[in-house]
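Since the structure comes first, as structure tokens, the remarks are kept for the end.
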Amino acid sequence: MRKVTKQMMAGLMAAGVLASVGTSASAALVDLGLQSTKAGVVVDAQTGQVIADQNGTERLPIASTTKLITMYMVKEAIKSGKISLSQKVKVPEDIAAFSQDLSVANTPMTAEKTYTVQQLIDAMMVPSSNGAALLLANLLGGSQAKFEKMMEAKLESWGIAGVKIYSPSGLTNGDMKKFKDASAEDDVENEMSARELAVVARRLVVDFPDVLKTAQQKTVEFPAVSGGTETMNNTNELLGNETLDLNWLGLKTGTTPNAGGNFVGVTKIQGRPVVSVVLNSGDNADAAAKFNATLTMVKKADDAVKVQKVASGLKPAKNTVSVLTAKDGKVSYKTKGTASFFVPAGESATTKAVNVKLSKKVTAPLKQNEKLGTAQLESSFAAANDWLTGAPEVELVSVSEEARANWFATTWRGMFGKSNYDITATK
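Quick note, the sequence shown lines up with residues 1 to 427 if you use the UniProt record's numbering.
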């Protein structure tokens with residue numbers, strides 16, 4: 001992220017008054033219409049339901065929000081035991097020199113010292129140090145180029161295909177200097193859509209929720225090159241900001257030289273954690289634009305929706321299955337567990353269980369509430385069925401105990417009536 005002049009946040013932009021550049025049609029509950037912001041989404045962190053959307057599928061420069069991908073891979077490496085938080089990392093001369101370039105966001109490092117993985121995480125996530133991101137990438141991948149390929153593979157494993165990564169920190173290719181991709185132009189940079197970036201953020205906060213403790217630090221201490229420590233400030237100006245009674249839990253800023261500011265946030269609306277993404281808001285001299293756009297966006301979403309709980313025990317349209325080993329030859333099933341949807345405020349929605357998938361290995365006897373398979377939930381409001389990566393699944397369980405048919409019945413059915421049963425397993 002390039003350094004920007006810190007500004008006082010201006011008043012909130014009026015929500016939904018002017019259409020933004022490049023707004024596209026959205027299936028989400030709320031169409032945002034943000035001014036001077038190219039894209040934005042608000043997503044339920046628990047379910048992946050897209051609550052609000054503006055141009056959420058166009059790939060745009062993401063700048064330092066790229067570091068969320070790097071952060072995920074660091075967390076994954078820690079979990080697997082490949083690295084540890086207390087591990088000391090030596091700084092190669094070229095990365096040390098890069099970290100001392102203050103034309104981009106950096107915490108200066110020296111090859112004469114070592115830095116712990118925890119210190120590097122703090123430096124990358126709080127003041128958005130590009131040098132720290134490069135050093136972590138070097139630690140995990142052995143080189144910037146190799147780690148960038150690892151990042152692309154990780155994204156592809158999440159269903160995000162065709163993204164070209166030029167930097168693990170989010171800098172333009174030219175700003176990577178000696179680490180740049182010589183086959184690409186200097187002005188190219190990492191691009192993803194708001195929805196794709198929401199997938200990354202949701203993965204990070206769901207799989208590694210302790211990342212929010214790092215992201216909520218207003219300042220961190222980092223070893224100074226000349227000795228002692230240096231206090232580094234968080235680039236997230238929404239921390240501690242209680243405008244609209246929103247408590248911000250993170251997550252990451254980013255500013256692209258030519259397209260404005262980006263912000264990935266985590267907060268709660270109506271008691272549920274949500275991920276917000278704003279891309280290319282204002283210009284790179286206006287640090288406040290991305291935060292104002294975020295507040296406007298989340299407020300508009302909050303005002304337009306409510307949480308509706310879905311009770312356990314829903315029965316799909318077809319709620320019995322013929323089972324060869326069941327005494328009566330069939331088993332009834334229902335959903336297990338509650339769920340919640342965002343739906344339009346002032347409205348009531350019905351929910352049904354669809355896309356039923358039953359195990360082919362089901363055999364009697366069965367206990368009550370024994371798992372038989374899964375289904376997805378679908379709201380009667382079409383716009384409420386907008387998901388980042390597919391509707392949430394619920395378990396399907398047996399309604400009651402089911403005794404096993406006797407040996408003669410199961411043998412007869414198996415020999416002469418097998419085609420009459422959906423599930424024919426016998427053991």
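Quick reminder that beta carbons are idealized off the backbone N, C-alpha and C, glycines included.
Predicted, not measured: the structure shown is a model, and the values here were computed from it.
Cβ-based burial, residue i [other Cβ within 10 Å; buried from 16]
i, result
"M71", "buried"
"K6", "With a pLDDT of only 32 at K6, under the threshold of 50, the placement of this residue in the model should not be trusted, and no figure is reported."
"F342", "buried"
"F416", "exposed"
"T411", "exposed"
"L102", "exposed"
"T107", "buried"
"G162", "exposed"
"F179", "buried"
"K290", "buried"
"W407", "exposed"
"V354", "exposed"
Pair within 9 angstroms by beta-carbon distance, residue i and residue j
i, j, result
"G337", "E395", "yes"
"V42", "I269", "yes"
"G48", "T389", "yes"
"A259", "K38", "yes"
"Q144", "A153", "no"
"V321", "A364", "no"
"L324", "T424", "yes"
"E196", "L155", "yes"
"V91", "M73", "no"
"R272", "D44", "yes"
"A201", "V275", "yes"
"V89", "L134", "no"
"G170", "S281", "no"
As assigned by DSSP and simplified to three states, the class of residue i
i, result
"D422", "coil"
"T37", "strand"
"G141", "helix"
"K336", "strand"
"E402", "strand"
"N280", "strand"
"M1", "Unreliable placement is indicated for M1, whose pLDDT of 38 sits below 50; the coordinate value is still reported in the next sentence. In this structure, M1 counts as coil in the three-state DSSP scheme."
"I69", "helix"
"T363", "coil"
"residue 428", "Any property of residue 428 remains undetermined from this structure, which presents the chain solely from 1 to 427."
"M415", "helix"
"S348", "coil"
"N262", "strand"
"N292", "helix"
"K357", "strand"
"E393", "strand"
"K427", "coil"
"E58", "coil"
Same chain, Cβ closer than 7 angstroms to residue i, neighbours up to 5 away in sequence not counted
i, result
"S84", "I78 and V117"
"D181", "Y166 and N173"
Residues of its chain near residue i, where Cβ-Cβ distance is below 8 angstroms and the 5 sequence neighbours each way are ignored
i, result
"T219", "V126, T231, M232, N233 and N234"
Sequence-distant residues of its chain with Cβ nearer than 6 angstroms to residue i (five each side left out)
i, result
"S380", "A349 and T350"
"P61", "E189, E191, T256 and A259"
"N369", "V397"
"F98", "G131"
"F208", "K75"
Short CB-CB distance (under 9 angstroms) between residue i and chain E
i, result
"K367", "In the structure shown, chain E cannot be found, because there is only a single protein chain."
Closer than 8 angstroms: residue i CB and nearest the ligand GDP heavy atom
i, result
"S143", "Ligands are entirely absent from the displayed structure, and the ligand GDP is therefore not among its contents."
Threshold first: 3 residues or longer. Then list the beta strand (DSSP E) segments lying entirely within the region 83-127, N to C. As far as the region 83-127 is concerned, its whole beta strand (DSSP E) runs of at least 3 residues are 88-90 and 114-116.
Contiguous beta strand (DSSP E) assignments of at least 3 residues, all confined to the region 156-231: Runs of the beta strand (DSSP E) lying entirely within the region 156-231, each at least 3 residues long, are 219-223 in chain order.
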